[in-house]
Amino acid sequence: MPEFANVIVDISHERLDRTFQYRIPERLKDRLQPGSRVRIPFGGGNRMIEGYVTELTDRAEYEPGRMKEIGEIAGGGLAVESELIALAGWIKEHYGSTMIQALKTVMPVKDRVKEKEERWVRLCLNQEELGAARSLCIKKHQTARLRLLEALKENPRLPWAEVAGRLKLTMAALRPMEEAGQIRIEGRQSYRNPAAGTGLETPPVRLNEAQQFIVNQLTGEIGRKDRRPALIFGVTGSGKTEVYMELISRTISAGRQAIVLIPEIALTFQTVQRFCGRFGDRVSFVNSRMSAGERYDQFERARKGELDVMVGPRSALFTPFGRLGLIIIDEEHEHTYKSENMPRYHARETAIARAELCGGLVVLGSATPSVESYYQALAGRFRLFRLKKRASADSVLPQVSVVDLRKELEAGNQSVFSRELRKKMESCLGNGQQMMLFLNRRGYAGFVSCRSCGKPMKCPHCDVSLTAHRNGRLVCHYCGYSVPLPKACPSCGSPYIAGFGLGTQKVEALVGREFPGARVLRMDYDTTAGKGGHQAILEAFGRGEADILIGTQMIVKGHDFPGVTLVGILAADLSLHAGDYRSSEVTFQLLTQAAGRAGRRGIPGEVVIQTYMPEHYAVQAAAAQDYEEFYHREILYRNLLKYPPAGCLMALQISSASEEAAEEAARGLANAISDSCGTEGQVTGPADAPVLKVRDIYRKLVYAKAAKYSTLIAAKDRAEAYMKDFPGASKVQLQFDFS
DNA sequence: AGCACGCCGACT
DNA sequence: GTCGGCGTGCTC
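If you want it as structure tokens, here you go:
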């Protein structure tokens, strides 16, 4: 049993947002674990306060002689905080972050939240008493009190920010005044309920046989023996949401709470309405646009038991529910469930870890499950349920055709639109129906280069070429840098500069030229930057205010337009060249989802996939709407190269402002982990990141593949040890990424 | 956040 | 001297 315990103090203040180290007394050894709630002496007066053990260790980070001992274990060790701290411990171990980083993701930022909370100082004296109090203060030279009383004379109710800020009063001066009954400090906890008053009561829908079967299978098990996560593999429109609703309902009836994770983009007004209609004010929502304070409010309501359901993106997973019984992850294949910051946790794996801690059930849903999840399901580690039929009988699968762009070129057609797509667009417009055109690249042209020297225009801060935009500027899609399009090539002075490739803006221009009359909307990062940007565009299109919606991937995610009968995928290959082992999977999912947008009410939809690689299995399988076929081909490839889920993969990203420092550290790290893995694993690199430089920071990559996760964890520890005594460690940053 | 410590002006 | 208010800084 380790000698010391790191403890996070149970006080919400910025200055205390770190751990303190305590000695573990003999009688408590073997009884402590990360997440234990303890009582500890704190501060000069050794007053006993509560805290949580975050970590047990033998390494003293503080002078052991001056270290205090843990007092006792505090009762009620089952508090939510304990569960979340234990989860942070799991995240730290599993994804290789520091405990503090893990804690900060799991326990929402408490700092500066207090500031935002509305607190007021109110005067409790009448005119007479105020006068008396003032003269007493003058007599006693109580300057701080006088300052406050003067201000309160003008305005008997002052906001806390002003009292603490401009008037510079501290608790030391305020407390005696409050005790004397001169003032009152009011802390009004204002909860803004984003769900308030939306939607009408919507009674539960009657489930069809397949849906009911899943619900029965799973609810019988909640709190019982089979705790395996469930994967619901249901085609678009098969009614997964109704299953979720019923599962949540039953969870609540059993006295437990539920978290629903959905991709940010799917958190639309309709979604909010749907949940509110069913669960009233017992449901709340979080999203990334909310301020830290607003999100904290909602988490606080959950902690107090005012809620039964929380809906939101990745971070909603950490809702402090004390009786969590169900975690639903909709569209579980979405890459947004993987965090981009340290710790780079995956919501699916982390949800499973949390469910284990609280004895809850995890339900995953997707029309195109991730290869990982389907693999687990086939191996029997997940329970698999299928919803094959679309819930409403009149929707039909679309007709998909694949167009070989090489043949178009041979036939002399250099346009973005193949002959087939153009014909279908004409008839679609002629019939007064709507269409969507999908292109996975925004901007006007792909890149811009000089026709005489061939040099592309590059971002000075990032290692990428700039994208031409319609407004005559060149924009960097990595850091946002933008310059006016130069009149002459900066390196050779030639005036012949031209754009190549295709972006959404250019498609918009081309549609305008080739289909004059057609009403066009464009949706991508540039047009949705403002708040409510998505919503406005989608709603306008839904109301039929445009015939054609052009956009990047955001148009294919979770929004139904009954009027859309044609979907055109202009360049299916773009995502195939990502150079990532997942690029086929991403492409397949994208194409399948895009195709699923067409024809959902009665009218059969048509889909045209344009590609230079019509024979690629991701394209073929998507055209045939055949997930099994895709999975079969994909898993062969992953097995062969031992990529996840057939093996484990750890990526080290080494970043530094100095390329040499990054390179040197990367080399050393590659050797260190290669040493650590031995014959168990395979190390590649160091190599430049696909985009070497972003925002003036160089990034190098080292990969380690192994059959067993533990091999990689050991390698991670070795890498951390290496960085500890690397001379230039302060200049170099190391990030781990497990997948 | 809460508490000790030290500074400073006022008063027995 | 020394008492009490008030600002500062530390808490394993």
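Numbering-wise (my numbering), the first sequence opens with residue 32 and increments by one. Backbone N, C-alpha and C fix where the C-beta goes; we use that ideal spot for every residue, glycine too.
Backbone CA spacing between residue i and residue j [nearest angstrom]
i: residue 278; j: residue 391; result: 12 angstroms
i: residue 60; j: residue 349; result: 29 angstroms
i: residue 54; j: residue 92; result: 11 angstroms
i: residue 101; j: residue 384; result: 28 angstroms
i: residue 112; j: residue 296; result: 29 angstroms
i: residue 85; j: residue 51; result: 10 angstroms
i: residue 646; j: residue 321; result: 45 angstroms
i: residue 364; j: residue 658; result: 13 angstroms
i: residue 347; j: residue 360; result: 11 angstroms
i: residue 545; j: residue 446; result: 10 angstroms
i: residue 220; j: residue 397; result: Since pLDDT at residue 220 reaches only 49, below the 50 mark, its modelled position is unreliable, and the value read off the structure follows with that caveat. For residue 220 and residue 397, the distance between alpha carbons rounds to 39 angstroms.
i: residue 190; j: residue 209; result: 16 angstroms
i: residue 664; j: residue 95; result: 58 angstroms
i: residue 535; j: residue 556; result: 10 angstroms
i: residue 88; j: residue 694; result: 33 angstroms
i: residue 248; j: residue 577; result: 45 angstroms
i: residue 31; j: residue 379; result: In the structure as shown, the chain begins at 32 and stops at 770. Residue 31 is therefore absent and cannot be evaluated.
i: residue 533; j: residue 585; result: 17 angstroms
i: residue 342; j: residue 304; result: 12 angstroms
i: residue 727; j: residue 688; result: 6 angstroms
i: residue 464; j: residue 596; result: 7 angstroms
i: residue 238; j: residue 707; result: 54 angstroms
Cut-off 8 angstroms between Cβ atoms - residues of its own chain near residue i, not counting five sequence neighbours on either side
i: residue 700; result: 683, 685, 717, 733, 750, 753, 754, 765
i: residue 28; result: What is shown of the chain runs 32 to 770, which leaves residue 28 out entirely.
i: residue 344; result: 292, 293, 294, 295, 298, 317, 318, 319, 367
i: residue 762; result: 687, 688, 689, 692
Close-in-space but distant-in-sequence residues of the same chain around residue i (CB under 6 angstroms, 5 per side omitted)
i: residue 133; result: 119, 122, 123, 374
i: residue 529; result: 482
i: residue 405; result: 662
i: residue 264; result: 400, 417
Residues near residue i by beta carbon distance below 7 angstroms, same chain, minus five either side
i: residue 484; result: 520, 522, 523, 525
i: residue 388; result: 114, 117, 118
i: residue 440; result: none
i: residue 16; result: Given that the chain is displayed from residue 32 to residue 770, the structure contains no residue 16 and the question cannot be resolved.
i: residue 564; result: 558
i: residue 204; result: 175, 176
i: residue 779; result: Here the chain comprises residues numbered 32 to 770, so residue 779 is not present and cannot be evaluated.
i: residue 770; result: 675, 680
i: residue 165; result: 177, 180
i: residue 197; result: none
i: residue 538; result: 447, 468, 470, 581, 601
i: residue 620; result: 364, 399
i: residue 160; result: none
i: residue 47; result: 40
Closest by C-alpha distance to residue i, when choosing among the options
i: residue 736; options: 657, 626, 689, 612; result: 612
i: residue 653; options: 262, 286, 618, 516; result: 618
i: residue 234; options: 282, 644, 273, 456; result: 273
i: residue 137; options: 377, 365, 165; result: 377
i: residue 130; options: 39, 275, 187; result: 39
i: residue 57; options: 67, 516, 34; result: 34
i: residue 616; options: 641, 640, 648, 591; result: 648
i: residue 188; options: 154, 666, 64, 708; result: 154
i: residue 490; options: 512, 393, 472; result: 512
i: residue 583; options: 302, 598, 548; result: 598
i: residue 411; options: 286, 703, 259, 336; result: 259
Residue i classed as buried or exposed, judged by whether at least 16 other C-beta atoms fall within 10 angstroms
i: residue 503; result: exposed
i: residue 37; result: buried
i: residue 174; result: exposed
i: residue 146; result: Bear in mind that the predicted position of residue 146 carries a pLDDT of just 41, short of 50, making it unreliable; the figure below should be weighed with that in mind. It counts as exposed.
i: residue 127; result: buried
i: residue 409; result: exposed
i: residue 125; result: buried
i: residue 496; result: buried
i: residue 771; result: For residue 771 there is no data in the structure shown, the boundaries of the chain being 32 and 770.
**Study point:** Runs of alpha helix (DSSP H) wholly within the segment 685 to 736 (minimum 4 residues, chain order)
**Key:** 690 to 708
Review point. Can you list the beta strand (DSSP E) stretches of 3 or more residues lying completely in the segment 568 to 621, in chain order?
Key: Listed in chain order, they are 579 to 582, 595 to 600.
Practice item. Output the residue ranges of the beta strand (DSSP E) runs that lie fully inside the segment 226 to 311 and measure 3 residues or longer, sorted by chain position. Key: 261 to 265, 288 to 292
Review point. Which full runs of the alpha helix (DSSP H) of 4+ residues lie inside the segment 350 to 399, going along the chain?
Key: 378 to 389
Practice item. Mind listing, in chain order, the continuous alpha helix (DSSP H) runs of no fewer than 4 residues lying wholly within the segment 444 to 499? Key: 450 to 461
Practice item. Please list the segments of the beta strand (DSSP E) lying wholly inside the segment 75 to 121, counting only runs of 3 or more residues, in order along the chain. Key: The segment 75 to 121 contains these whole beta strand (DSSP E) runs: 78 to 88.
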